[in-house]
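Visitor: So that we are looking at the same thing, I have put the structure below in structure tokens.
Chains as they are written, first to last, in the working numbering: chain A, 1 to 340; chain B, 1 to 340; chain C, 1 to 340; chain D, 1 to 340.
Written out as structure tokens, the structure is:
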């Protein structure tokens with residue numbers, strides 16, 4: 001079975017597991033006041049070249065919930081895409097802490113100033129929620145990415161309108177490897193972002209980076225209040241210590257994208273169409289329903305949605321553990337199906 | 001430096017780390033639908049001899065928050081001890097999801113039917129919250145434990161009054177090793193309990209066991225809603241797969257208690273007094289303030305509270321990694337201080 | 001100035017004010033356990049011919065917040081129209097208590113089984129909220145109404161799918177007077193509905209009617225928990241005692257609709273177009289921007305939205321205090337504008 | 001039946017009902033932007049001699065919920081007395097919006113800087129809630145009052161510790177009439193207070209006064225978000241327009257206290273003991289259980305609590321409608337019981 005189901009199916013990058021083993025005899029201070037945490041924070045700050053506040057949480061939904069709920073007042077809302085993770089796939093975690101998600105329907109999963117402007121024009125008095133934060137994902141849920149120019153423009157718009165710009169980086173490694181956006185840009189052109197660990201080689205963990213430091217006031221209280229503080233904080237930091245030292249994180253993104261490109265290029269050559277052109281580690285080819293059945297015998301992937309009565313979009317995801325050889329094998333399988 | 005500061009300072013029991021390494025090449029299904037999860041659930045069900053619903057969450061506060069908030073209606077409250085973790089040390093996580101903690105001030109940190117009865121008598125109409133759950137910790141925050149008889153009595157009382165009995169087992173290994181309570185008793189005499197992993201050798205993780213299965217309805221939705229679902233669910237289950245196979249969990253508790261007993265007996269022989277008589281892995285000796293200063297040079301521990309102007313209670317905690325040799329060394333340090 | 005701005009601009013129907021004065025020397029029991037409350041409940045139960053649970057709250061947003069939050073579990077969501085009051089005009093009150101509003105974009109502001117079915121098909125696992133309640137407004141926010149057949153069909157669909165059907169009756173008097181829906185139908189074909197007092201002659205007050213009585217369990221606790229319980233409960237009940245005795249409520253709806261019809265018919269004769277054909281007390285004519293300016297000098301109304309660059313939709317609302325004479329005067333004003 | 005059960009049993013002061021009638025033909029702007037609201041605000045600002053932000057809400061629990069939840073961040077807590085209304089009698093409304101109430105057990109129901117200091121010393125890190133607001137009631141729930149000096153001292157302490165001081169004035173008329181505290185003092189020595197209408201002659205209504213004006217930012221959004229905004233805002237303002245013009249409010253307090261004093265002095269002369277010495281409109285005499293039964297035949301009052309096996313504390317409350325004659329009649333009843 002060739003595995004393209006998702007990027008969170010194997011425990012962790014071997015270097016991270018080795019690090020765990022290496023540190024097994026240590027006695028660490030609890031609650032994120034340990035040396036691993038400090039080191040991981042240092043590496044990240046060096047990359048973004050800013051003294052941002054940095055915290056290590058466990059998963060993506062938790063991170064979105066803690067960040068958004070900590071920074072908004074009760075009646076304030078967050079603007080996102082219709083496909084945004086907070087809008088669709090968090091079982092109402094943001095509303096659960098009291099905040100409305102206002103969504104905009106964008107085909108490419110990306111927000112621009114015009115989208116937000118439209119929302120602001122519709123929310124003008126105290127009988128409606130007050131938009132206060134803009135949530136974007138990079139890469140988006142459908143594999144697209146923002147350019148540096150796009151992020152900069154969004155950020156400047158948000159500053160002007162007194163909105164916070166928050167970037168969900170669950171798949172940030174892949175996004176950065178597919179665009180001109182640098183760590184420094186993320187430090188300069190977002191108020192808050194998170195560096196996804198779970199989907200980029202960590203056994204768990206997301207690193208929240210708060211660039212607008214006044215928003216970090218008492219953030220540790222918030223982390224605990226929302227049930228997100230680990231007694232063994234160092235366990236959440238170690239993956240980032242490994243990923244951020246040198247450039248393992250970025251190189252995982254590069255490798256994932258490279259595998260995805262092999263798949264995408266190969267499928268195109270065979271004649272397969274795509275729902276969207278992706279530059280990242282998620283690609284969305286379209287197959288006939290009967291082809292899907294054959295594919296499923298040899299490969300593991302997710303059915304994304306019906307394209308029409310006869311065709312279906314599937315999602316293929318590459319991960320740190322995907323090999324080029326697996327990609328070639330997959331292409332062979334498709335070729336064979338297409339030849340019959 | 002001899003380390004008695006807490007039981008969550010080293011990464012994990014070596015057998016757990018070995019297991020992680022052993023499984024590093026696997027591709028697992030996400031969100032807790034994997035084989036490790038199923039196996040860990042199976043081991044636990046075999047121990048409690050009940051088909052209870054079992055879920056693996058990350059930390060104690062998160063677990064308390066998810067369990068309590070999932071099971072209570074908005075106006076319902078939870079009864080606990082004044083020293084209860086939810087009352088004191090969760091930064092309002094329970095209130096944060098809307099529920100009042102009603103506390104009873106008990107010197108030994110343990111609740112009995114009479115305590116709850118008093119609370120019920122005071123909460124009689126719709127102008128007050130409605131008590132619906134009883135929260136106990138075993139071991140308690142001050143190291144005491146419940147006997148089987150006590151738990152049974154509490155449980156029967158709760159059933160009669162239509163209250164849920166929920167046991168926080170952050171330090172359950174130590175509690176079980178110090179009492180006559182078996183896994184089967186926990187299955188029979190609580191509605192919900194959790195088996196603490198973080199403080200008993202896991203790198204993280206708490207196993208929620210819902211014995212009254214109707215309370216488990218849609219609990220997976222709740223887990224996600226409160227930001228507590230892991231994409232890599234298997235990462236939270238693996239520690240329990242290791243701890244619950246054979247009897248590693250219980251034997252860790254035994255070992256911890258044994259070390260604590262060496263400390264306690266040794267200190268008593270030297271003439272040290274205690275805040276409370278503990279049978280578990282937390283002990284609470286009382287020292288003069290100037291002695292504390294000397295102790296701190298060679299040992300790491302927590303100052304619990306002022307006993308009076310001149311004396312101070314400290315907390316010593318043993319863990320899976322504590323050795324008898326460390327205990328003896330500590331006693332020597334104290335002896336030397338006392339001899340001067 | 002002729003006043004069509006809204007239906008909540010004058011204090012109360014004279015019969016209600018007379019009743020207040022008449023009862024001024026009474027000593028009543030507090031918190032909704034008084035004779036006025038009992039009488040108002042009795043009148044309503046007689047009309048719906050069911051022993052439903054009935055409560056008197058203060059305003060519409062509060063009522064929606066209390067009803068929805070009391071009946072849903074944390075991860076459950078409510079389905080509504082894009083124009084629904086809870087979606088647009090409650091400053092996130094529903095999300096504020098933890099629940100997502102899932103909206104459907106319907107031109108006429110009305111939901112049908114097909115709409116809900118689409119939502120259910122998209123919400124299938126624990127990574128998404130679980131739809132549990134359907135919220136409809138009758139009359140809708142744009143003046144349309146449900147027929148008996150439509151409500152029955154919706155209700156039967158909801159029962160089949162195990163959803164609650166909740167009707168917001170802020171403008172129920174007008175809706176009933178414009179359709180074949182009777183009180184009995186509301187008792188039979190909704191799980192919960194509220195009878196709006198504020199916009200139908202009361203100085204305040206909405207009567208919540210819970211037909212599916214198991215949903216009323218501990219509803220008094222919920223009312224208090226959400227800050228909605230009045231010490232002087234009788235003050236909220238008295239308007240309903242007056243409105244529901246005989247048939248004042250319905251006759252106010254009739255009168256409002258009649259005035260609205262005079263306006264609508266008259267405007268049509270003059271050649272004015274409408275955004276939507278309304279049968280109730282809200283009508284939505286379309287005027288040129290320069291006409292609006294002239295109208296505003298003599299009449300008070302709300303600008304609803306831009307129709308296009310040159311034309312604008314306004315809203316005219318009739319109330320219990322609107323007179324036919326005012327309607328004729330308004331038509332004369334428009335006529336004069338049109339003649340120039 | 002002589003009525004001393006509470007101060008919210010009759011509809012409203014006749015002058016308020018007259019005002020309602022007088023204004024019955026008006027057309028007012030909605031949502032608190034009307035002339036009655038402006039006038040009531042003006043009268044209050046004149047009394048406190050400060051340009052404070054002023055809002056009119058419906059009831060006490062609602063007011064506490066909106067004020068506290070609007071001003072605290074998620075992890076922040078409010079300090080109160082064990083007898084505080086928010087702690088005991090609001091069905092968890094404060095916790096329902098996410099905030100812990102930390103209570104201090106004071107016999108007289110009053111907080112002083114020392115009490116708060118003790119709480120602050122116990123709440124020192126991010127594992128516990130962060131105290132941010134001090135809630136006091138004046139008069140307290142057991143009829144005691146604060147002096148100007150006490151309030152000033154509390155306020156200065158709170159300023160120093162960066163805490164908000166919030167005064168619940170459900171029975172403020174009676175409190176002011178029993179102490180040296182002026183409106184100006186309330187403006188100077190609280191951050192927020194509310195002037196209770198419901199228990200001082202209004203048919204409903206509490207006037208929130210925010211002296212520290214930065215706390216009023218977007219308070220209108222909060223009011224709506226928590227379901228507390230009235231379409232007919234003028235209905236909540238009119239009672240204050242009447243009460244605050246000239247000095248009706250204060251004179252009601254004087255009258256109530258005078259009646260309570262007649263009762264208290266008279267009972268003392270008969271030989272009755274009291275739970276607490278009250279200067280306000282609530283008094284707490286202690287009777288034998290068998291005497292209670294006789295009293296209940298002719299008078300309506302609340303049984304407060306058991307004093308011991310044989311004796312019981314009752315609460316007598318005077319209101320704007322209590323007459324001296326009723327007090328004398330009550331004393332006669334007691335006298336007769338005592339003589340037998």
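Note that the Cβ used here is the ideal one computed from N, Cα and C, for glycine as well.
Please read all numbers here as calculations on a predicted model, not as lab measurements.
#1: For residue 125 of chain D, count the other beta carbons within 10 Å of its own beta carbon; 16 or more makes it buried, fewer makes it exposed. Which is it?
#2: By a C-beta neighbour count over all protein chains shown, 10 Å radius and 16 as the cutoff for buried, is residue 121 of chain D buried or exposed?
#3: Looking only at DSSP bridge pairs, what is residue 282 of chain C linked to?
#4: Please list the residues of the region 70–83 of chain B that have a C-beta atom closer than 9 Å to any C-beta atom in chain D, keeping them in chain order.
#5: Determine the contact status of residue 164 of chain C and residue 133 of chain C, defining contact as a CB-CB distance below 7 Å.
#6: Apply the 10 Å Cβ neighbour rule to residue 213 of chain A and answer buried if 16 or more other Cβ atoms are within range, or exposed otherwise.
#7: Below 8 Å CB to CB, which residues in the same chain sit around residue 311 of chain D once its five sequence neighbours on both sides are set aside?
#8: By the three-class DSSP mapping on this structure, what secondary structure does residue 242 of chain B have?
#9: May I ask you to list, following chain order, the residues of the region 129–153 of chain D that have a beta carbon less than 7 Å from some beta carbon of chain A?
#10: Based on the DSSP secondary-structure assignment, which residues constitute the bridge partners of residue 2 of chain C?
#11: Relative to the C-alpha of residue 296 of chain A, which candidate in A:57, A:330 and A:45 has its C-alpha closest?
#12: Can you give the beta carbon distance from residue 138 of chain D to residue 172 of chain D, rounded, assuming they're within the 8 Å contact cut?
#13: With 9 Å as the C-beta to C-beta threshold (strictly closer), list the residues of the region 173–185 of chain D near chain C in chain order.
#14: Step through the CB atoms of chain D and report whether any lies within less than 7 Å of the CB of residue 220 of chain A.
#15: Please list, in chain order, the residues of the region 81–101 of chain B that have any C-beta partner in chain D closer than 7 Å.
#16: Distance check for residue 123 of chain A and residue 109 of chain B, CA to CA, integer angstroms please.
#17: Thinking C-beta only, is residue 99 of chain C closer than 7 Å to residue 92 of chain D?
#18: What residues in the region 201–231 of chain B bring their beta carbon closer than 8 Å to a beta carbon of chain A?
#19: For residue 291 of chain D, which option in D:314, D:279 and D:278 has the closest C-alpha, if you only look at C-alpha atoms?
#20: Let me make sure I understand the geometry here. Which of A:62, A:74, A:107 and A:17 has the alpha-carbon closest to that of residue 278 of chain A?
#21: On the DSSP letters alone, give me the boundaries of the beta strand (DSSP E) that residue 163 of chain B sits inside.
#22: Any contact between the region 32–52 of chain A and the region 146–165 of chain A? By contact I mean 3 or more CB pairs, one from each, below 8 Å.
#23: Less than 7 Å between the C-beta atoms of residue 176 of chain D and residue 190 of chain D, yes or no?
#24: Going by the DSSP bridge assignment, what does residue 133 of chain A pair with across the sheet?
#25: Answer with buried or exposed for residue 147 of chain C, where buried requires no fewer than 16 other C-beta atoms within 10 angstroms of its C-beta.
#26: With 16 other CB atoms within 10 Å as the buried threshold, where does residue 353 of chain A fall?
#27: Within the chosen definition, does the region 7–20 of chain A reach the region 12–29 of chain B through at least 3 CB pairs nearer than 8 Å?
#28: Closest to residue 199 of chain C by CA distance: which of C:31, C:47, C:180 and C:170 is it?
#29: Check the Cβ of residue 14 of chain B against every Cβ in chain F and list those closer than 8 Å, keeping chain order.
#30: Within 10 Å of its beta-carbon, does residue 271 of chain A have 16 or more other beta-carbons around it, so buried, or fewer, so exposed?
#31: Taking residue 1 of chain C and residue 299 of chain C to be in contact with their CB atoms under 8 Å, please state how far apart those CB atoms are, rounded to whole angstroms.
#32: Check for me: the alpha helix (DSSP H) holding residue 139 of chain C runs from which residue to which?
#33: Considering Cα atoms alone, identify which of D:326, D:80, D:273 and D:196 is closest to residue 244 of chain D.
#34: What in chain C is Cβ-close to residue 17 of chain D, meaning under 7 Å?
#35: What does the Cβ neighbour count give for residue 338 of chain B, buried or exposed, with the cut at 16 atoms within 10 Å?
#36: Compile a chain-ordered list of the residues in the region 100–129 of chain A whose CB is closer than 7 Å to at least one CB of chain C.
Guide: Result, derived from the coordinates:
#1: For the purposes of this step, residue 125 of chain D is taken as the residue at position 125 of the fourth chain. Result: exposed.
#2: Sequence index remark: in the fourth chain, residue 121 of chain D carries index 121 (1-based). It is exposed - the Cβ of residue 121 of chain D has fewer than 16 other Cβ atoms within 10 Å.
#3: Your numbering for residue 282 of chain C matches position 282 in the third chain. Paired residues: C:317.
#4: 74, 75, 76 and 77
#5: Stepping through the third chain from its first residue, residue 164 of chain C is reached at position 164. Stepping through the third chain from its first residue, residue 133 of chain C is reached at position 133. Yes. Within cutoff.
#6: As a first step, residue 213 of chain A must be located in the first chain, where it is residue number 213. Exposed, by the Cβ-count rule.
#7: Here residue 311 of chain D corresponds to residue number 311 of the fourth chain, with the count starting at 1. Cβ within range, chain order: 286, 287, 288 and 289.
#8: Position 242 of the second chain holds residue 242 of chain B. Of the three classes helix, strand and coil, the one that applies to residue 242 of chain B here is helix, per DSSP.
#9: 130
#10: Residue numbering aside, residue 2 of chain C sits at position 2 when the third chain is read from its first letter. Residue 2 of chain C is bridged to C:299.
#11: Mapped onto the first chain, residue 296 of chain A falls at position 296. Comparing Cα-Cα distances from residue 296 of chain A to each of A:57, A:330 and A:45, the minimum goes to A:330.
#12: Here residue 138 of chain D refers to the residue found at position 138 when the fourth chain is read from its first residue. Here residue 172 of chain D refers to the residue found at position 172 when the fourth chain is read from its first residue. Residue 138 of chain D to residue 172 of chain D, Cβ: 6 Å. Contact.
#13: none
#14: The count along the first chain starts at 1 and reaches residue 220 of chain A at position 220. So, interface residue.
#15: 88, 89, 91, 92, 95, 96, 98, 99 and 100
#16: One-based indexing of the second chain puts residue 109 of chain B at position 109. One-based indexing of the first chain puts residue 123 of chain A at position 123. Roughly 51 Å between the two C-alpha positions.
#17: Reading the fourth chain from its first residue, position 92 is the one you call residue 92 of chain D. Reading the third chain from its first residue, position 99 is the one you call residue 99 of chain C. Not a contact, by the Cβ cut-off of 7 Å.
#18: From the region 201–231 of chain B, only 203, 204, 221, 224, 225, 226, 227, 228, 229, 230 and 231 have a Cβ closer than 8 Å to chain A.
#19: For the purposes of this step, residue 291 of chain D is identified with residue 291 of the fourth chain, where counting begins at 1. The candidate whose alpha carbon is nearest that of residue 291 of chain D is D:314.
#20: Counted from its first residue, the first chain places residue 278 of chain A at position 278. Considering only alpha carbons, the answer is A:107.
#21: If you number the second chain from 1, residue 163 of chain B lands on position 163. Counting along the chain, residue 163 of chain B falls outside any beta strand (DSSP E), and DSSP gives it neither H nor E.
#22: no
#23: One-based indexing of the fourth chain puts residue 176 of chain D at position 176. One-based indexing of the fourth chain puts residue 190 of chain D at position 190. For the pair residue 176 of chain D and residue 190 of chain D, the CB atoms are not nearer than the 7 Å cut-off.
#24: In the first chain, counting from the first residue as 1, residue 133 of chain A sits at position 133. Beta-bridge pairing links residue 133 of chain A to A:78 and A:164.
#25: Counting from one through the third chain, the residue named residue 147 of chain C turns up at place 147. Looking at its Cβ environment, which holds fewer than 16 other Cβ atoms inside 10 Å, residue 147 of chain C is exposed.
#26: Here chain A comprises residues numbered 1 to 340, so residue 353 of chain A is not present and cannot be evaluated.
#27: yes
#28: The count along the third chain starts at 1 and reaches residue 199 of chain C at position 199. Ranking the options by Cα distance to residue 199 of chain C, first place goes to C:170.
#29: The chain inventory of the structure shown lacks chain F, comprising the protein chains A, B, C and D.
#30: Position 271 of the first chain, counting from 1, holds the residue named residue 271 of chain A. Classification for residue 271 of chain A: exposed.
#31: Position 1 of the third chain holds residue 1 of chain C. Position 299 of the third chain holds residue 299 of chain C. Yes, they are in contact, since the Cβ atoms of residue 1 of chain C and residue 299 of chain C sit about 7 Å apart, within 8 Å.
#32: Position 139 of the third chain, counted from the first residue, corresponds to residue 139 of chain C. Neither: residue 139 of chain C is in no alpha helix (DSSP H) and is coded neither H nor E.
#33: Walking along the fourth chain from the start, residue 244 of chain D turns up at place 244. D:196 is the residue among D:326, D:80, D:273 and D:196 whose C-alpha sits nearest the C-alpha of residue 244 of chain D.
#34: Residue mapping note: residue 17 of chain D aligns to position 17 of the fourth chain, counting from 1. By Cβ distance, chain C contributes 20, 21 and 24.
#35: Here residue 338 of chain B corresponds to residue number 338 of the second chain, with the count starting at 1. Under this definition residue 338 of chain B is an exposed residue.
#36: The region 100–129 of chain A vs chain C, Cβ under 7 Å: 100, 126, 127, 128 and 129.
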